[in-house]
Amino acid sequence: MKNLINSQDLTKIELEKLFVLSDKMNKRQKKYDDSLKGFVIATLFYEPSTRTRLSFESAIQKLGAGLISTENAKESGSAKKGETLEDTIKIIQGYADMIILRHFDNDSSDRALKVASVPIINAGAGNGEHPPQGLLDIYTIRQYKKEINNTSIAIIGDLKNGRTVHSLIKLLCLYENITFYGFSVKGLELPKNYIEYIESHNAKYFICKDFSEIPSDVNFIYQTRIQTERLENKNFSIEDIILNKERFSRFSENTYIMHPLPRTNEISTDLDDDKRSIYFKQAHNGIPTKMALIYSIIKDFYKNKKHF
Ligand code: CP
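Those letters in the sequence shown? Residues 284 to 591, by our numbering.
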């Protein structure tokens, strides 16, 4: 694996290898400390981020690589002066050995890849995909359920614009007997191409109109924020999709709540202390999975060069 642009680029074997390596990174095996010393990695973010950028930057530093970073490239980078993404990539690749890109255009990472001479990781592209989040989400599912096959998951919220859901779907579809229950705000339903993707991979998709239509023994509830920044018409109510203690009370002792975060009010804070609320632990899995991802890509890309 030399880049990560779209989730469907990952094979099941690559994914499983990343999980094994993530486990090692989680244990902070000494051999990986400073294993990327001498490399420099750039984070180039045109959209806001807390988790993705900082967990990538922490992972980079734990591996001993150098970091250059632009957290608000749309305003503080030369995009403000009219520079194209392609030109920016052509410049940064002279300064860094890998570029981690977040951008508002769905095809931004594909465009970057076309001109890049260094590996590109898509860290969120418009309302398209967010593969590193999908990776940490499935790693979390594996941690709590042990096997990924035979997983049922309710995906809730903004299924149209939520790029994390899109990457999660594609990665889960690599496994057997996966069932999705989709419960969205009206107008923000899962796009047809993702439903077709699910069905063409022998997984199942059921549309739910209410929390009560989600089976009480579902393995995971994956709640998401409404992506208001991508909506022209912000006039909608999220009341029906808010998960609170009362609505969660009918679910099983083995149903876990996930969320890619940030949240607004779609998960009420009265659920934070429930042992089945794993969204903060999920976010922290960004470190080992990103360490594994960066290490694997750098190792593969530079195997005949530098010190690999
Ligand atoms: N989950 C996620 O992508 O969060 P950030 O926007 O904070 O990076």
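Ideal placement from N, C-alpha and C gives every residue a C-beta, glycine not left out.
To the nearest angstrom, how far is it from the Cα of residue i to the Cα of residue j?
i, j, result
"T507", "G440", "5 Å"
"L476", "L287", "One point to set straight first is that residue 476 is Asn, not Leu, in the sequence displayed. Each residue's Cα considered, the two are about 21 Å apart."
"I580", "I404", "9 Å"
"S535", "E459", "22 Å"
"A379", "H386", "18 Å"
"T371", "K443", "29 Å"
"F584", "A356", "26 Å"
"N309", "E472", "36 Å"
"P498", "A395", "42 Å"
"G360", "L327", "9 Å"
"D393", "S338", "23 Å"
"V401", "I324", "10 Å"
"K428", "N289", "25 Å"
"Q344", "D388", "28 Å"
"N502", "C491", "16 Å"
"Q376", "K573", "20 Å"
"L293", "E549", "31 Å"
"S532", "K558", "13 Å"
"E430", "E358", "44 Å"
"K397", "L301", "25 Å"
"E596", "Q291", "What is shown of the chain runs 284 to 591, which leaves residue 596 out entirely."
"L514", "Y315", "42 Å"
"T333", "N432", "31 Å"
"A486", "E366", "43 Å"
"V303", "K586", "20 Å"
"K295", "L457", "6 Å"
"R311", "R336", "20 Å"
"G321", "E512", "38 Å"
"K582", "K469", "45 Å"
"F466", "A575", "33 Å"
"K313", "L419", "22 Å"
"A268", "S391", "Absent from the structure is residue 268, since the part of the chain shown begins at 284 and ends at 591."
Assuming residue i and residue j form a contact by the criterion Cβ under 8 Å, report the distance between their Cβ atoms to the nearest whole angstrom.
i, j, result
"I525", "A437", "In fact, because the Cβ distance is near 14 Å, the residues do not count as touching under 8 Å."
"L319", "Y578", "7 Å"
"D317", "G347", "3 Å"
"P543", "Q416", "5 Å"
"S341", "P571", "Rounded, the Cβ-Cβ distance is 11 Å, inconsistent with contact."
"L455", "I421", "7 Å"
"E299", "M284", "So it is not a contact: roughly 12 Å between Cβ atoms."
"H449", "E412", "5 Å"
"I452", "T434", "The pair is not a contact, with the Cβ atoms about 12 Å apart (cut-off 8 Å)."
"N537", "T423", "About 15 Å separates the two Cβ atoms, so there is no contact after all."
"Y488", "F463", "5 Å"
"K528", "S560", "In fact, because the Cβ distance is near 10 Å, the residues do not count as touching under 8 Å."
"F563", "R530", "Actually they are not in contact, since the Cβ atoms of F563 and R530 sit about 20 Å apart, beyond 8 Å."
Return yes when at least one heavy atom of the ligand CP lies under 6 Å from the C-beta of residue i, else no.
i, result
"S499", "no"
"P414", "no"
"S332", "yes"
"P571", "no"
"T511", "no"
"T367", "no"
"T326", "no"
"T335", "yes"
"P402", "no"
"P474", "no"
Mind checking who residue i pairs with in its DSSP beta bridge?
i, result
"F328", "R385"
"L287", "I404"
"S435", "T462"
"V398", "None, per the DSSP bridge assignment."
"Q506", "I439"
"Y488", "F463"
"S495", "DSSP lists no partner for S495."
Determine the extent of the alpha helix (DSSP H) in which residue i is found, giving its start and end residues.
i, result
"K363", "Premise fails: K363 is in no alpha helix (DSSP H) and is neither H nor E."
"T335", "334 to 345"
"F531", "528 to 531"
"I424", "414 to 428"
"S579", "569 to 584"
Just curious, the beta strand (DSSP E) that residue i is in, first and last residue?
i, result
"L350", "349 to 353"
"M541", "539 to 541"
"Y378", "Neither: Y378 is in no beta strand (DSSP E) and is coded neither H nor E."
"F463", "462 to 467"
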